[in-house]
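Asker: Supplied in structure tokens, the structure appears directly below.
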Ligand SMILES: Nc1nc2c(ncn2[C@@H]2O[C@H](COP(=O)(O)OP(=O)(O)OP(=O)(O)O)[C@@H](O)[C@H]2O)c(=O)[nH]1
Ligand SMILES: [Mg+2]
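Chains as they are written, first to last, in the working numbering: chain A, 6 to 208; chain B, 1327 to 1448.
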């Protein structure tokens, strides 16, 4: 190999590099960034989307957002599966009112994790409704904060009013093994949906 | 006036609009997780394409990076990064890889199985 090949080895060839993503959603302060950080191979990074009041994305290169725009921050991490496949984990911005952003974030996603805190379950309803409406496969992971009460799964299901086929797991978003188990649970669930012929993916 | 511009009855009026369309429409198609790789041409020409594009070409020469990572490293909003990347892709400076709409269910399941295996071994 020539030395110049070493500097720029990535001339695109017919081999496809694929990107996959999983979205971590849930209410304010529920542990989304913590969970991304627990499994990511990089320190979680932040990106921002500038949204107009109409709920569309602002892409003005002048970079001067006016007063009708709002900045929405998103954290994300990455797990390299192989040289040709990279998995990204995105912490969804809390405000589901930015529908355009949410559509864009979930289009093509493997699925989503709804992180919930038993002390504030209603905070997860907006995400759950979005995923139900858009056929985004998801599971609910209850982040077991220290000192929070523990309820049986049946009670959680009833409180969340989710269909019986949606998995509900308990987790500790700070713990790598626990966060891994949540992602594994989600991917298994999505494979299962595909194999049962259930329509999957944002419509 | 450019040669030929007078031939179009809409004249120069449509031109700025055409430029705007060219910059915003294809950008919608680049997913936040789309993978970007600098082409050989990008490695050669990006140094003359301005500071941001030069930086993008450098970042995506060493390892494939997503649009989200580019936005984060450049400290620009995702929409701005998307416009820059779309420009670079149309100029042949960057290759963009993302999930195609015609992916078969078999391909999808194969990818999911690979990810499942990798997560289990992590
Ligand atoms: N005890 C305990 N604390 C946690 C757990 N998960 C997260 N935390 C803490 O809760 C706080 C909020 O966590 P984040 O990961 O920032 O939550 P987030 O959902 O990203 O928050 P926003 O992006 O602001 O909505 C942090 O101080 C975490 O350290 C957990 O499982 N147990
Ligand atoms: Mg966060």
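Positions of the beta carbon are idealized from the N, C-alpha and C atoms, including for glycine.
If you follow the beta strand (DSSP E) that residue 53/A is in, where does it begin and where does it stop?
Answerer: First-last of the beta strand (DSSP E) with residue 53/A: 50-57.
Asker: Is DSSP giving residue 122/A helix, strand or coil here?
Answerer: Three-state result, residue 122/A: coil.
Asker: Quick one: using the 10 Å Cβ neighbour count with 16 as the cut-off for buried, is residue 38/A buried or exposed?
Answerer: Residue 38/A comes out buried.
Asker: With DSSP as the reference, label residue 1374/B as helix, strand or coil.
Answerer: Three-state DSSP puts residue 1374/B in a helix.
Asker: Among the candidates 1373/B, 1371/B, 1389/B, whose CA atom is the shortest distance from the CA of residue 1362/B?
Answerer: Closest by alpha carbon: 1389/B.
Asker: Work out the CA separation of residue 1369/B and residue 1379/B for me, nearest whole Å.
Answerer: The straight-line gap from Cα to Cα measures roughly 11 Å.
Asker: Tell me, please, whether the stretch 1400-1417 of chain B touches the stretch 161-171 of chain A by the rule of three or more beta-carbon pairs shorter than 8 Å.
Answerer: With the cut-off at 8 Å, the stretch 1400-1417 of chain B and the stretch 161-171 of chain A do not touch.
Asker: Short of 7 Å Cβ to Cβ, which residues in the stretch 30-59 of chain A face chain B?
Answerer: Result list: 50, 51, 52, 53, 54, 55.
Asker: Would you decide whether residue 145/A is buried or exposed? Buried here means 16 or more other CB atoms lie within 10 Å of its CB.
Answerer: Looking at its Cβ environment, which holds 16 or more other Cβ atoms inside 10 Å, residue 145/A is buried.
Asker: The stretch 182-195 of chain A: which residues have C-beta closer than 8 Å to a C-beta of chain B, in chain order?
Answerer: Against chain B - using a Cβ distance shorter than 8 Å - the residues of the stretch 182-195 of chain A are 185, 188, 189, 192, 193, 195.
Asker: Under the rule that 16 or more other beta-carbon atoms within 10 Å means buried, what is residue 200/A, buried or exposed?
Answerer: When all chains shown are included, residue 200/A counts as exposed.
Asker: Using C-beta distances below 7 Å, list every residue in its chain close to residue 1410/B, excluding the 5 sequence neighbours before and after it, in chain order.
Answerer: Cβ within range, chain order: 1378, 1379, 1382.
Asker: Between residue 64/A and chain B, is any beta-carbon pair separated by less than 8 Å?
Answerer: Closer than 8 Å: yes.
Asker: Below 8 Å, can you find three or more Cβ-Cβ pairs linking the stretch 186-201 of chain A to the stretch 1431-1447 of chain B?
Answerer: A contact exists between the stretch 186-201 of chain A and the stretch 1431-1447 of chain B.
Asker: Give me the Cα-Cα distance between residue 1397/B and residue 157/A, rounded to the nearest whole angstrom.
Answerer: Distance between the alpha carbons of residue 1397/B and residue 157/A: 42 Å.
Asker: May I ask you to check if the CB of residue 39/A is nearer than 7 Å to at least one heavy atom of ligand 1?
Answerer: Checking the Cβ of residue 39/A against ligand 1 gives yes.
Asker: Could you check whether residue 81/A and residue 90/A sit closer than 8 Å to each other, using their CB atoms as the reference points?
Answerer: Not in contact: residue 90/A and residue 81/A (Cβ atoms no closer than 8 Å).
Asker: Tell me which residue opens and which closes the alpha helix (DSSP H) that residue 193/A is part of.
Answerer: Residue 193/A -> alpha helix (DSSP H) spans 181-200.
Asker: Indicate whether at least one CB of chain A lies closer than 8 Å to the CB of residue 1408/B.
Answerer: At least one chain A Cβ lies under 8 Å of residue 1408/B.
Asker: Can you check which of these residues, 97/A, 119/A, 73/A, 175/A, is closest to residue 159/A by C-alpha distance?
Answerer: Nearest of 97/A, 119/A, 73/A, 175/A to residue 159/A, Cα basis: 175/A.
Asker: Going along chain A in order, which residues have a C-beta closer than 7 Å to the C-beta of residue 1440/B?
Answerer: Result: 86, 90.
Asker: Pull up the distance between the alpha-carbon of residue 154/A and that of residue 121/A, whole angstroms please.
Answerer: When rounded, the distance between both Cα atoms is 13 Å.
Asker: What residue from 113/A, 107/A, 108/A, 109/A has the CA that sits closest to residue 1428/B's CA?
Answerer: That would be 113/A, whose Cα lies nearest to the Cα of residue 1428/B.
Asker: Would you give the residue range spanned by the beta strand (DSSP E) that residue 206/A belongs to?
Answerer: Where residue 206/A is concerned, there is no enclosing beta strand (DSSP E), given that its DSSP letter is neither H nor E.
Asker: Could you pull the start and end residues of the beta strand (DSSP E) that residue 76/A belongs to?
Answerer: Its beta strand (DSSP E) spans residues 74-87.
Asker: Closer than 7 Å: is that where the CB of residue 32/A sits relative to any heavy atom of ligand 2?
Answerer: Flag unset: Cβ of residue 32/A not near ligand 2.
Asker: With DSSP collapsed to three states, give me the class of residue 21/A.
Answerer: It is coil, neither helix nor strand.
Asker: Quick check on the DSSP output: what are the complete alpha helix (DSSP H) runs of length 4 or more inside the stretch 1382-1444 of chain B, in order along the chain?
Answerer: Qualifying alpha helix (DSSP H) stretches, in chain order: 1393-1400, 1404-1416.
Asker: For residue 77/A and residue 197/A, what's the separation of their Cα atoms in angstroms?
Answerer: When rounded, the distance between both Cα atoms is 33 Å.
Asker: Let me know if residue 1425/B comes out buried or exposed under the rule of 16 or more other beta-carbons within 10 Å of its beta-carbon.
Answerer: With 16 or more other Cβ atoms within 10 Å, it is buried.
Asker: Taking its Cβ as the centre, do 16 or more other Cβ atoms sit within 10 Å of residue 1320/B, making it buried, or is it exposed?
Answerer: Past the boundaries of the shown model lies residue 1320/B; chain B is included only from 1327 to 1448, so the question cannot be answered.
Asker: By the criterion of Cβ-Cβ separation under 8 Å, what are the contact partners of residue 133/A in chain B?
Answerer: By Cβ distance, chain B contributes nothing, its closest Cβ being about 22 Å from residue 133/A, past 8 Å.
Asker: Taking residue 181/A and residue 43/A to be in contact with their CB atoms under 8 Å, please state how far apart those CB atoms are, rounded to whole angstroms.
Answerer: Confirmed, about 5 Å.
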